[in-house]
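Report on the following structure.
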Amino acid sequence: MEWSSMRWWCLAVVLLLSTPLLAAGYLQERKNYIVHLEPRDEAAAAAGDGSVEEWHRSFLPQVAKPDGSDGSDGGPRIVYSYSDAFTGFAARLTDEEAEAVRATDGCLRLYPEEFLPLATTRSPGFLGLHLGNEAFWSHSGFGRGVVIGILDTGILPSHPSFGDDGLQPPPKNWKGTCEFKAIAGGGCNNKIIGARAFGSAAVNSSAPPVDDAGHGTHTASTAAGNFVENANVRGNADGTASGMAPHAHLAIYKVCTRSRCSIMDIIAGLDAAVKDGVDVLSFSIGASSGTQFNYDPIAIAGFKAMERGIVVSCAAGNSGPDPGTVGNGAPWMLTVAAGTMDRAIRTTVRLGNGDEFDGESLFQPGNNSAANPLPLVYPGADGSDTSRDCSVLRGAEVTGKVVLCESRGLNGRIEAGQTVAAYGGAGIIVMNRAAEGYTTFADAHVLPASHVSFDAGTKIAAYVNSTDNPTASIAFKGTVIGSSPSPAVTFFSSRGPSKASPGILKPDITGPGMNILAAWAPSESHTEFSDGVGLSFFVESGTSMSTPHLSGIAALLKSLHPDWSPAAIKSAIMTTSDAVDRTGVPIKDEQYRHATFYAMGAGYVNPALAFDPGLVYDLHADDYIPYLCGLGIGDDGVKEIAHRPVTCSDVKAITEAELNYPSLVVNLLAQPITVNRTVTNVGKPSSVYTAVVDMPKDVSVIVQPPMLRFTELKEKQSFTVTVRWAGQPNVAGAEGNLKWVSDEHIVRSPIVIPATAAWSTCLAESKQHTSAKEIDKLKRGRIRFQIVVLPATILQYYLLQARIMEKSLMKAFRQSNLRMLVTDAKMPSIIPTGDPRSSLPIRRLSQAIIVCTVQCRQIVPGRIDQQSEVIKPEWKGLSVEGRSLAAQSLTARRRLWPAPPI
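Positions -24 to -1, 1 to 878 (mature numbering (1 follows the signal peptide of the UniProt record, and there is no 0)) are the ones given, in order, by the sequence shown.
Structure (structure tokens):
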């Protein structure tokens, strides 16, 4: 009896001590994660070995509930079970639970929840979409029968843009659902055939996917809004509004609140859209610019969507004009930049000296308090940043005056006007910063305003400083059609190259994204004008606006060519785009300089030509596998993207340049580079195309064969493109075009030689370790460099000139198990094994590319450091032009490898 009592007492102590441990998972804060899993065993799935949800739950650790717990401490453990676009699930986990899941066999990776930002009446006509029996728009059926999925902030179903007059019922294979319940004046119909809200965007499980931000309604109507006459914003931009594909169906996936978009909700929306059967996905949400594709859930889900035949149209982002800022850069997605149109909502500033400067403003009231000359003041003259952008003002300084304020960037212009109005200002002139150039916004200001270019703003500021009594007036001119130059690339549109894959040209295409009028969802929580009157249409700008233009155009092409792959549709859009503006001169950027392909992609979309491109560069899911293997992300990385096991050693990996893409980026070094391309005839069965190359004179491009003859539809023919420097390499790189020209078609592909690829290089060839075949591959850029040593001064220069270089180098070093050495030496050098200066774990000196010194205006031949006697013994196996370096005198070495100036 005594032993029994002791036993129970010990058991009670153990239970008391263990209860806090068992309940630890309930006491810790839970966080949201996306759990990425290995592809499920097909045999087990086919055998009915549990549902997908049960399989997902099997990864969750079992944590005992403390007494009295009802499991409501942190919400449901599994938030979403993804099944169609992503292998995995989203869950709420404590740190300990997350570690347990991460350690479970079959778990690839956990992504903590992150939040991404949200990245017309004139645009159809500007793009050549006109009504008429012979017009392409009518011929395409206005996108009839195609379903466009919109991932955004929801939709206002009662808006007239979403009426279903003239629309057919949903396709028979449509599987979507509608969550609108008793919405006054609207709901699902033959236009909106599906609508769902996810996670935090839904607020609660019963909330409908109604738009409370306006953004989703705007993008949905831009892509596929029906015809609405007399659309305008208080008389401005008046006309008949419609989307690009006015008779296409819409499926709405509310994955964003007004302020943010959860990555968990985005993947849930993508997964649902793929399962429902959409044809096009429109994604006006920003994404990080440098994430490796197998670490990017959106790229992974986008690959599965592409494999299902869905065109994925994505915003390039609003982080321009800095290089290397483009997001959503996977080659299986269409990445869209933003450009202007020829419409301006014009205001004119007239100075006291008679000079006039045109600007823009959506706020143009009849009682213009700044119509007559008023005193003009520039608070920024005191040199303060907060004064320049009118964040801080002094009432006596601005009361009753027109105030010149510097732009606050992509946002904040209206807030500047509110500050000026609060201090008694009578009007505001918003002047661009230097980087913003000539891009001006038509904003809903709260007082008379004009947004002017940087050039105009500097002249206005100079006038203020030139006289004791500066004055200005602001005149309202309304809507002006025919502004020039148009189109142009906006300053905010994110630029290439893509950090994740710099050898693929991104963005792909430019569409209208500046001052776009489209449907709007008025709300008491966000009134557009100070009088609080709601609006049915509104003007917005961003790659969020250009993306649905391309989504709608893709729907038109899908309606006309239902058998085309997403890659074929992308090719048709890119190869028929415009590289020149409406006056026939090259398209300009925000500085009115020649826009590069890294700014505009292949060009500005021309849908009237895209429906009949003649030839297309086609790709299917399996065609991306050699490219992914060539990125060096390994078997696991490729498997994570492709959703199936891949052994790269069994695949003939290719470089980025060898992917059958409609554009070509050539990292041209000293040796020529040859790549293959294959085109498919989608024009006339019997047709002949001739290669025409338009490149700078210092670049030689040879196309073989120079002529392609087709005898039937869908016939494929291949050709090679060999690119070499015709003279000295150009540090600035080069751009041009390859055109296949027939009697009826011009199929244009951009060719880009990046500035960073103009580095002069030298090859250190070791006969002891490297075969002639390997050296030939190295010269042709077929294998990545293994050793690069840079003096600090050179590294600093490159980082200023090419912001992607550091990432590209480090990626190469990771692939070769090496790391970068930055020395204090003035010259690049190979540091041998055993040298005390070396921090490189060099196993052998078999292959090396030495990046050479560059001055701002010239590039010089590569060299191996001739002067270091310490490394001389290591050169026994190295030769240049068949001559041993070790056997040469210092003078001879300098002749073989001329030293560049520092």
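Glycine residues also receive a C-beta, built at the ideal position from the N, C-alpha and C atoms.
Please report the straight-line C-alpha distance between residue i and residue j, rounded to a whole angstrom.
i, j, result
"residue 431", "residue 397", "25 Å"
"residue 321", "residue 334", "10 Å"
"residue 698", "residue 79", "49 Å"
"residue 612", "residue 85", "11 Å"
"residue 438", "residue 413", "17 Å"
"residue 284", "residue 402", "57 Å"
"residue 885", "residue 349", "Any question about residue 885 goes unanswered here, given that the chain covers just -24 to 878."
"residue 189", "residue 255", "26 Å"
"residue 1", "residue 38", "Because the pLDDT of residue 1 is 44, which lies under 50, any placement of that residue in the model is unreliable, and the number read from its coordinates should be weighed accordingly. Cα-Cα distance, rounded: 10 Å."
"residue 167", "residue 537", "21 Å"
"residue 564", "residue 464", "5 Å"
"residue 196", "residue 627", "41 Å"
"residue 787", "residue 728", "Reliability fails at residue 787, whose pLDDT of 43 lies under 50, so the model's placement of it is uncertain and the value that follows must be treated cautiously. Those two C-alpha atoms are separated by around 22 Å."
"residue 127", "residue 169", "14 Å"
"residue 352", "residue 327", "9 Å"
"residue 262", "residue 607", "24 Å"
"residue 653", "residue 712", "17 Å"
"residue 458", "residue 511", "26 Å"
"residue 495", "residue 245", "22 Å"
"residue 638", "residue 595", "10 Å"
Where does residue i sit, in a helix, a strand or coil, going by DSSP?
i, result
"residue 626", "helix"
"residue 72", "helix"
"residue 251", "helix"
"residue 454", "strand"
"residue 921", "In the structure displayed, the chain extends from -24 to 878; residue 921 sits before or after that span and is not available."
"residue 390", "helix"
"residue 336", "strand"
"residue 309", "coil"
"residue 554", "strand"
"residue 396", "helix"
"residue 30", "helix"
"residue 649", "strand"
"residue 533", "helix"
"residue 441", "helix"
"residue 282", "helix"
"residue 364", "helix"
"residue 134", "coil"
Below 8 Å between beta carbons: does that hold for residue i and residue j?
i, j, result
"residue 581", "residue 549", "yes"
"residue 143", "residue 63", "no"
"residue 201", "residue 314", "no"
"residue 696", "residue 651", "yes"
"residue 583", "residue 551", "no"
"residue 300", "residue 473", "yes"
"residue 94", "residue 239", "no"
"residue 452", "residue 344", "yes"
"residue 879", "residue 532", "Residue 879 lies beyond the range of the chain shown here (-24 to 878); nothing can be said about it."
"residue 406", "residue 383", "yes"
"residue 269", "residue 288", "no"
List the whole-angstrom C-beta distance separating residue i from residue j, where the pair is believed to meet the contact cut-off of C-beta under 8 Å.
i, j, result
"residue 302", "residue 337", "The Cβ separation is near 30 Å, so there is no contact."
"residue 880", "residue 470", "Residue 880 cannot be examined here, being either before or after the span of the chain that is shown, -24 to 878."
"residue 416", "residue 428", "7 Å"
"residue 71", "residue 175", "Contact doesn't hold; Cβ gap of about 21 Å is too wide."
"residue 305", "residue 482", "4 Å"
"residue 682", "residue 656", "That belief does not hold up - the Cβ atoms of residue 682 and residue 656 are roughly 19 Å apart, past 8 Å."
Hey, could you find the ends of the alpha helix (DSSP H) residue i is sitting in?
i, result
"residue 203", "Residue 203 -> no alpha helix (DSSP H), and no H or E assigned at all."
"residue 614", "610 to 618"
"residue 604", "600 to 606"
Since residue i is in the beta strand (DSSP E), which residue starts that stretch and which ends it?
i, result
"residue 695", "692 to 701"
"residue 403", "403 to 407"
"residue 488", "485 to 488"
"residue 271", "That residue, residue 271, is in no beta strand (DSSP E); it is neither H nor E in DSSP."
"residue 917", "No answer is possible for residue 917: it lies beyond the span of the chain, which begins at -24 and ends at 878."
"residue 326", "319 to 327"
"residue 85", "83 to 88"
"residue 351", "350 to 353"
Is the CB of residue i under 8 Å away from at least one CB in chain B?
i, result
"residue 307", "Although the question refers to chain B, the structure presented lacks it and comprises just one protein chain."
Just checking residue i against the ligand FAD - is the residue's beta carbon closer than 7 Å to any of the ligand's heavy atoms?
i, result
"residue 631", "Annotation note on the ligand FAD: not contained in the displayed structure, which lists no ligands."
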